[in-house]
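This report refers to the structure that appears directly beneath it.
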Amino acid sequence: MEFEAKGKRTRASISSFTVGDRLSSLPDCLIHHIMSFMKARQVVQTCVLSTRWKHLWRSVPSLNIDLEEFKTEGAYHANVEERKKFEDFTDHLLIPNNISIALLDKFQLHVHHYHREEAARWIRHGIKYSTQEPGIRPQGLSSTPWRLKRLHLSNINLDDSFAKHISSGCQNLEDLELKGCPCHFHEITSHTLKNLILKDCSSNVLSAITSQTLKRLVISGCYIDDGPLVVMAPVVSYLLLSVAIYNFKGGIVLNEIPSIVKVSIHLVNNSDCPSKLGDDQFNLLDSVSKVTSLHLSAYKAMVLTEEFPQFENLKTLLLEKCDLSDNFQTLGHFLQSSPSLEKLTLRNCKFSKDPKKKKGKVKLNKQSLSQLDVRCKNLKQTEIIYRNDDVHKLEELLLSIAGSLPENNIKLTKVDSP
Amino acid sequence: MEVDKGKGEAEETRKVAEADRDTVTLKSSDGKLFEVSKEAAARLSTVLAGMIAGGSIDDNGTDLKQIGSEALENVVDYCNKHANSIPSAALISSSISFNTAPFKEPEEWERKFVDRLSHDALFDLVEAANFLGMERLLDVTCHKISEMMKGKSPDQIREVFNIKNDYTKEELEEIRQELAWAFYDD
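Protein sequences appear in the order of chains C and P. Once you know that position 100 of the first sequence is 99 in numbering that gives the first Met the number 0, the rest is easy, because the numbers rise by one and skip nothing. Once you know that position 105 of the second sequence is 104 in numbering that gives the first Met the number 0, the rest is easy, because the numbers rise by one and skip nothing.
If you want it as C-alpha cells, here you go:
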C-alpha cells in the first residue's frame, strides 16, 4: 500500500513523525472540513472508525442531508423503503441533542417532492425548537436565531414563517439557494444576504425581493403566478434572469441598480400568451443601464415607448437568438447608446422576417442603421455567428457605418442549422 | 515560473527575482528555497498576503519552518499552475453558470494535481495549505480526501487511512444500537 512505502522516507515536514493514520491526526477543524464535502449519513457513520471519531460528527459546522445518499445507485427515484430510511435518519439527526440547525454555519437539505411536508416540518422544528442551551426552549411562537451563513434547500414547502425567519432570525445568512421549492411566502427580505438563487421555484404569492446587501441574484426557471415581482436590491453586481415569459405573467419590476456589472437575461418566449414580462423587457434594460457586460437571449424586437437608455459603461454586448428583424433598429439603438462598447457578438440572431409570419407587428422605421449617430469609437471586435439567414444586409449596414467604428474588426462565422 | 529543486538553481532564480521583485522566496523547514509569483502568493494565501503587505518577506528566503520542502514545492507548483489557469477560469465564469455555491468543484488541472500526490504528500499539503491560509488549496485537498472515503464501508476507510479501531466489540455494538437510524444497511 502506498502509505506504507512512504512511511519509510525521512521527511522534515509538519508531521514527519506520523507513520500511518494521517487522517485521524488532523485537528478537528480539518476533519470537519473534509466532512463538509460528504453527505450527512456518511458523516454520522464515521463515528465507528475509532474512538477519535466517536463524537466528531455531532459538532460539524456544515451538514448536507440529501435523499440521493439513500437512493440505490443508478436508480431514478428512491424506493419506498429508502425514503422511509431517509425520513427516519433525518428525524433523528435533527433533534437538538444530535444536530441543531441553529448551530450550523452551512445547511443543505435536498429532498424530493414526496418529502415536501416532512421537510417543511424539519425546517419549522429547526426554527422553533433548536436551542443553544439544551433544556431551555423558547416560549410560545418565538424562534431561535440561526447562525447559518449558507442555506440550500431543494423541493421543500416554505411558508411565511420561513421567510420571516430568514429576515429576522438569520443575522449571518449570506447565501440562500432555493431549488424547486413551492414558495408560499410573500417576500424575501434580508439585511445580510449576498447571494440569492431561486431556481425552478413556484409561487402564487411572492411579490418582493428586498435586500440592501445582495450582490448576486439568480432567478432561473421559476413560476410566479401573481405579480409583479418587485426586486429592490440596489447593490447587485451580477444578475441572471432566465425565465419563460409566460411563467411571469405579472412581470418583473427591477428598481434601478446603479452598481450592476454583469447581466444575463434569457427569456423563453415560445407562446403568444400575453404576459406583463413581455412588455417589461425594455424596462428591465433601463434598470440595469449601468452594466458593463450584457448578455441578452431571445429578446423580441423592442417597440420603443420611451427613450432608449444610455449604456455608458457597456463594454461587452452579446445578443443571442434575438429578433433583429426590425430593420436592425434594436441593434442600432444599442450602438447609438453604448459609447464604451468594445466587443459586440451576435449569435444566431434573426436578421430578416420569417416569410411565414409576414404580419410583423413592428412598424418599420425609415431610419436605417446608417443614419444613426453611432459612437462606438472603442469597438474593436464584432463577431457575427449566424445560420441560414441573410447576413448581407447586416454586413452592408456595418460597412456603411465603418467610418464611425475605426478600430472594428468584423468576424463572420456561419454555423449549420441544427 | 520554474520550480527549482536544487539549491544552486534556486539561488540563481532568486537573484533575478530580487531584481524585478515580482516574486517572493520561500524557505522550507529543511532549508530549500522556492520562488513563487508575488501576485499569486498574495492572492492564494492569506498568510503570505499578510506577510507581503506587512513587509515581513525576507529576500533571502522567508522561513516557513512548519513546511517541508516536498510540501512547499507542491504549494509553489499549485500557485504557478493556478496563475497559468486564470484565462480558462475567466472563460468559465463568463459563461452562464448556476454553480454559484461557495465551493466550486475542482477543475480538471486541480484534480490531476491532487491525484498525482502520494498519500503522505496529500496530507502534508492539507497541513501546509491550512498553515498558509490557502482556502482553495485546502478545499481541493480536503475534497480529495472526502472522495477517498466516499461510498466506502468503515472497514475499507480504516484500511485506506490506516485507522486503528480501538473500540471494544461491546462499545461498537452500543454505538450501532444508539445510532441505529444511521446504520440501516449493515
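Glycine residues also receive a C-beta, built at the ideal position from the N, C-alpha and C atoms. All figures in this text were calculated on a predicted structure; none of them were measured in a lab.
Just grab the DSSP bridge partners of residue 182(C) for me.
Here residue 182(C) corresponds to residue number 183 of the first sequence, with the count starting at 1. Paired residue(s): 157(C).
Compare the C-beta of residue 22(C) against all C-beta atoms of chain P and say whether one is closer than 8 Å.
Numbered from 1 along the first sequence, position 23 holds the residue referred to as residue 22(C). By this cut-off, residue 22(C) is an interface position.
On the DSSP letters alone, give me the boundaries of the beta strand (DSSP E) that residue 142(P) sits inside.
As a first step, residue 142(P) is located in the second sequence; it is residue number 143 there, counting from the start. Element bounds for residue 142(P): not the beta strand (DSSP E) but the alpha helix (DSSP H), 134–148.
What span of residues does the alpha helix (DSSP H) with residue 146(C) cover, start to end?
By 1-based counting over the first sequence, the position of residue 146(C) is 147. No alpha helix (DSSP H) holds residue 146(C); DSSP gives it neither H nor E.
List, in order along the chain, the chain P residues whose C-beta lies closer than 9 Å to that of residue 111(C)?
Mapped onto the first sequence, residue 111(C) falls at position 112. Near residue 111(C) there are no residues of chain P at all, since even the closest Cβ is about 19 Å away, more than 9 Å.
Can you tell me where the beta strand (DSSP E) with residue 242(C) in it begins and where it stops?
Indexing the first sequence from 1 puts residue 242(C) at position 243. Note, residue 242(C): beta strand (DSSP E), 237–243.
Going along the chain, which residues of the stretch 156–178 of chain P sit with their C-beta nearer than 9 Å to a C-beta in chain C?
Correct list: 156, 157, 158, 159, 160, 161, 162, 163, 164, 165, 166, 170, 171, 174, 175 and 178.
Measure from the C-beta of residue 15(C) to each C-beta in chain P and report whether the shortest distance is under 8 Å.
Here the question's residue 15(C) lines up with position 16 in the first sequence. At residue 15(C) the pLDDT is 41, less than 50, meaning the model places this residue with poor confidence; the figure from the coordinates comes in the next sentence. Yes - at least one Cβ of chain P is within 8 Å of the one on residue 15(C).
In this structure, how does DSSP classify residue 37(C) when only helix, strand and coil are distinguished?
The residue labelled residue 37(C) in the question sits at position 38 within the first sequence. It is coil, neither helix nor strand.
Suppose you measure from the CA of residue 34(P) to the CA of residue 127(C); what does that come to, to the nearest Å?
Position 35 of the second sequence, counting from 1, holds the residue named residue 34(P). Position 128 of the first sequence, counting from 1, holds the residue named residue 127(C). Their backbone Cα atoms lie some 54 Å apart in a straight line.
Assign residue 52(C) to one of two classes, buried (16 or more other C-beta atoms within 10 Å of its C-beta) or exposed (fewer than that).
Taking the first residue of the first sequence as position 1, residue 52(C) is located at position 53. It counts as buried.
Could you confirm whether any beta carbon from chain P is found closer than 8 Å to the beta carbon of residue 32(C)?
In the first sequence, residue 32(C) corresponds to position 33, counting from 1. Yes, contact with chain P.
Please state whether DSSP places residue 88(C) in a helix, a strand or coil.
As a first step, residue 88(C) must be located in the first sequence, where it is residue number 89. Here residue 88(C) sits in helix by DSSP.
Taking the alpha carbon of residue 42(P) as the point to measure from, which residue in 61(P), 135(P), 119(P) and 107(P) has its own alpha carbon closest?
Sequence index remark: in the second sequence, residue 42(P) carries index 43 (1-based). Nearest option by C-alpha distance: 135(P).
Kindly list, in the order they appear in chain P, the residues whose Cβ is closer than 9 Å to that of residue 180(C).
Here residue 180(C) is taken as the residue at index 181 of the first sequence, counted from 1. Within chain P, no residue comes near residue 180(C); the closest Cβ sits about 15 Å away, beyond 9 Å.
Determine the extent of the beta strand (DSSP E) in which residue 207(C) is found, giving its start and end residues.
For this step, residue 207(C) is matched to residue 208 along the first sequence. Here the beta strand (DSSP E) through residue 207(C) covers 207–210.
Identify whether residue 359(C) lies in helix, strand or coil by the three-state DSSP scheme.
Position 360 of the first sequence, counting from 1, holds the residue named residue 359(C). Confidence at residue 359(C) is low in this model, with a pLDDT of 41, below 50, so the placement of that residue should be treated as unreliable; the coordinate-derived value is given next. In the structure shown, residue 359(C) sits in coil (DSSP, three-state: anything other than H, G, I, E or B).
Can you pull the chain C neighbours of residue 137(P), defined as C-beta to C-beta under 9 Å?
In the second sequence, the residue the question calls residue 137(P) occupies position 138. Within 9 Å Cβ-Cβ: 29 and 32.
Does chain P have any CB closer than 8 Å to the CB of residue 290(C)?
Locating residue 290(C) in the first sequence gives position 291, where the first residue counts as 1. With 8 Å as the cut-off, residue 290(C) does not count as an interface residue toward chain P.
Can you look up residue 170(C) in the DSSP assignment and give me helix, strand or coil?
The count along the first sequence starts at 1 and reaches residue 170(C) at position 171. It is coil, neither helix nor strand.
Residue 259(C) by DSSP, collapsed to three states: which one?
The residue given as residue 259(C) occupies position 260 in the first sequence. The answer is coil: DSSP assigns residue 259(C) none of H, G, I, E or B.
On a Cα-Cα basis, can you pick out the residue from 175(C), 404(C), 340(C) and 296(C) that is closest to residue 243(C)?
Taking the first residue of the first sequence as 1, we reach residue 243(C) at position 244. The residue with the shortest Cα to Cα distance from residue 243(C) is 296(C).
Run the CB neighbour count on residue 415(C), radius 10 Å, all protein chains shown included, and call it buried at 16 or more, exposed below.
Here residue 415(C) is taken as the residue at index 416 of the first sequence, counted from 1. Per the 10 Å Cβ criterion, exposed.
Note down, in chain order, each residue of its chain lying with its Cβ closer than 8 Å to the Cβ of residue 166(P), except the 5 sequence neighbours on either side.
Counting from 1 along the second sequence, the entry for residue 166(P) is found at position 167. These residues qualify, in order along the chain: 174.
Does the beta carbon of residue 422(C) sit closer than 8 Å to a beta carbon anywhere in chain P?
Summary: the structure shown does not reach residue 422(C), with chain C confined to residues 0 through 417, and so no result is reported for it.
Assign residue 173(C) to one of two classes, buried (16 or more other C-beta atoms within 10 Å of its C-beta) or exposed (fewer than that).
Reading the first sequence from its first residue, position 174 is the one you call residue 173(C). Buried, because 16 or more other Cβ atoms sit within 10 Å of the Cβ of residue 173(C).
Could you check which residue in 78(P), 77(P) and 24(P) has the C-alpha nearest to that of residue 57(P)?
Against the second sequence, residue 57(P) aligns to sequence position 58. Checked all of 78(P), 77(P) and 24(P); the closest Cα to residue 57(P) is 24(P).
Taking 8 Å as the cut-off, decide whether the C-beta atoms of residue 115(C) and residue 171(C) are in contact.
By one-based count along the first sequence, residue 115(C) stands at place 116. By one-based count along the first sequence, residue 171(C) stands at place 172. No, the Cβ-Cβ distance between residue 115(C) and residue 171(C) is not below 8 Å.
Quick one: list the residues of chain C neighbouring residue 129(P), beta-carbon separation under 7 Å, in chain order.
Position 130 of the second sequence, counting from 1, holds the residue named residue 129(P). Near residue 129(P) (Cβ distances below 7 Å), the residues of chain C are 29.
Counting only the same chain and skipping the five closest in sequence on each side, list residues whose C-beta sits under 7 Å from that of residue 192(C).
The residue you call residue 192(C) lines up with position 193 of the first sequence. Once the five neighbours on either side are set aside, the close Cβ partners of residue 192(C) are 172, 173, 175, 210, 212 and 213.
Can you tell me where the alpha helix (DSSP H) with residue 47(C) in it begins and where it stops?
Here residue 47(C) corresponds to residue number 48 of the first sequence, with the count starting at 1. Per DSSP, residue 47(C) belongs to no alpha helix (DSSP H) and is neither H nor E.
Are the C-beta atoms of residue 189(P) and some chain C residue less than 8 Å apart?
In the structure as shown, chain P begins at 0 and stops at 185. Residue 189(P) is therefore absent and cannot be evaluated.
Along the stretch 74–107 of chain C, what residues have a CB closer than 7 Å to any CB found in chain P?
The stretch 74–107 of chain C vs chain P, Cβ under 7 Å: 84, 87, 88 and 91.
Please list, in chain order, the residues of the stretch 143–172 of chain C that have any C-beta partner in chain P closer than 8 Å.
Flagged, chain order: 149 and 151.
Flag this pair as yes or no: are the beta carbons of residue 47(C) and residue 56(C) separated by less than 8 Å?
One-based indexing of the first sequence puts residue 47(C) at position 48. One-based indexing of the first sequence puts residue 56(C) at position 57. The answer is no: Cβ separation not under 8 Å.
Taking 8 Å as the cut-off, does the stretch 56–65 of chain C touch the stretch 156–172 of chain P (at least 3 CB pairs, one atom from each stretch)?
They do not touch, by the three-pair rule.
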